[in-house]
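Chemist: Quick note, the sequence shown lines up with residues -18 to -1, 1 to 140 if you use mature numbering (1 follows the signal peptide of the UniProt record, and there is no 0).
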Amino acid sequence: MNVCFLFVFLCLFLLCVSRPTERERTERLIKTRLREIMMVQYILNVTREIDNFFPSLFEYHNIRVYDEEATDLLAYWNDTYKFISRAKKAGAKCLVHCKMGVSRSASTVIAYAMKEYGWDLEQAFEYVKERRVVTKPNPSFMRQLEEYQGILMFPQKY
């Protein structure tokens, strides 16, 4: 199994797992690296396909969606922003993951960056892509990020 933890912001990591392996080895790796080394205490799970494996070790927030054109990810971004912000306020780190770390979780991290730092979509996308080169939100998520940019720029209209 190839597991990588990509440092995106001081309080935020993106996770990618390239090939699943036996659960015991995965558990050992995650417990050691996340809790002790990286100080992750919060996990944002943006997928239907992966369960919360360590509910006694981490505080989870679940966005149970598929990576499909019909998925309305925008509807969750205020909640995901609050969850990541709570981790940051607690002095902890938050791991954000989906199945591949390419579309759902990356879109959510981009949305977080737009709101937290006042960045436009292009700046947030480039920042995340520099750190996770395979970042590629599906076309629907890109449209939703464009809409979110408008919401953040002109909140009184919404």
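Backbone N, C-alpha and C fix where the C-beta goes; we use that ideal spot for every residue, glycine too.
1) Does residue 97 pass the burial test, meaning 16 or more other C-beta atoms within 10 Å, or should it be called exposed?
2) Restricting to Cα atoms, I'd like to know which of 119, 31 and 60 is closest to residue 86.
3) State the DSSP-derived secondary structure class of residue 25, mapped to helix, strand or coil.
4) With 16 as the cutoff for other CB atoms within 10 Å, does residue 49 come out buried or exposed?
5) Assuming residue 66 contacts residue 26 (C-beta within less than 8 Å), just tell me the rounded distance between them.
6) Since residue 42 and residue 34 should fall inside the 8 Å C-beta cutoff, what is the C-beta to C-beta distance between them, to a whole number of angstroms?
7) Note down, one range per segment and in chain order, each alpha helix (DSSP H) of at least 4 residues found wholly within the stretch 29 to 115.
8) Should residue -18 go down as buried or exposed, given a rule of 16 or more other Cβ atoms within 10 Å for buried?
9) Near residue 115, what residues of its chain come up, given a Cβ to Cβ distance below 8 Å and the 5 sequence neighbours on each side ignored?
10) Just to confirm my understanding: we take residue 28, look at its own chain, exclude 5 residues before and 5 after, and list those with CB closer than 6 Å. What are they?
11) Sorry if obvious, but does the Cβ on residue 130 come closer than 8 Å to a heavy atom of the ligand FMN?
12) Note down the Cα distance separating residue 124 from residue 39, rounded to an integer number of angstroms.
13) Closest to residue 68 by C-alpha separation, out of 83, 22 and 51, would be which residue?
14) Is there at least one Cβ from chain D nearer than 9 Å to residue 115's Cβ?
15) Please list, in chain order, all residues of the same chain as residue 94 whose beta carbon is under 6 Å from its beta carbon, the five residues on each side excluded.
16) Which same chain residues end up closer than 7 Å to residue 127 when comparing Cβ atoms and leaving out the 5 residues on each side of it in sequence?
Modeler: According to the structure shown:
1) As a working mapping, residue 97 is identified with position 115 in the sequence shown. Classification for residue 97: buried.
2) In the sequence shown, residue 86 corresponds to position 104, counting from 1. Closest in alpha carbon position to residue 86, among 119, 31 and 60, is 119.
3) Indexing the sequence shown from 1 puts residue 25 at position 43. Residue 25: strand per DSSP, three-state reduction.
4) Here residue 49 refers to the residue found at position 67 when the sequence shown is read from its first residue. Buried, since its Cβ has 16 or more Cβ neighbours within 10 Å.
5) Position 84 of the sequence shown, counted from the start, is the residue given in the question as residue 66. Position 44 of the sequence shown, counted from the start, is the residue given in the question as residue 26. Rounded to whole angstroms, the Cβ separation of residue 66 and residue 26 is 7 Å, and the two are in contact under 8 Å.
6) Position 60 of the sequence shown, counting from 1, holds the residue named residue 42. Position 52 of the sequence shown, counting from 1, holds the residue named residue 34. Their Cβ separation, rounded to whole angstroms, is 5 Å, which keeps residue 42 and residue 34 in contact under 8 Å.
7) Whole alpha helix (DSSP H) segments, 4+ residues: 59 to 71, 86 to 99 and 103 to 113.
8) By 1-based counting over the sequence shown, the position of residue -18 is 1. Any answer about residue -18 is weak, because its pLDDT of 42 lies below 50 and its placement is not dependable; what the coordinates show is given next. So residue -18 counts as exposed.
9) Position 133 of the sequence shown, counted from the start, is the residue given in the question as residue 115. Around residue 115, the same chain offers no residue with a beta carbon nearer than 8 Å, after the five sequence neighbours per side are excluded.
10) Numbered from its first residue, the sequence shown carries residue 28 at position 46. Exclusion of the five residues before and after residue 28 leaves 45, 80, 86, 87 and 90 as the residues of its chain whose Cβ lies within less than 6 Å of its Cβ.
11) Absent from the structure shown: the ligand FMN. Ligands present: none.
12) Within the sequence shown, residue 124 is the residue found at index 142, counting from 1. Within the sequence shown, residue 39 is the residue found at index 57, counting from 1. Take the alpha-carbon of residue 124 and the one of residue 39: they are about 33 Å apart.
13) Sequence index remark: in the sequence shown, residue 68 carries index 86 (1-based). The residue with the shortest Cα to Cα distance from residue 68 is 22.
14) No chain D is part of this structure, which consists of one protein chain only.
15) If you number the sequence shown from 1, residue 94 lands on position 112. Cβ-Cβ distances below 6 Å link residue 94 to 63 and 66 in the same chain, with the five nearest sequence neighbours on each side left out; the list follows chain order.
16) Along the sequence shown, read from residue 1 onward, the residue named residue 127 stands at position 145. So the qualifying residues of the chain are 89, 92, 93, 103 and 119.
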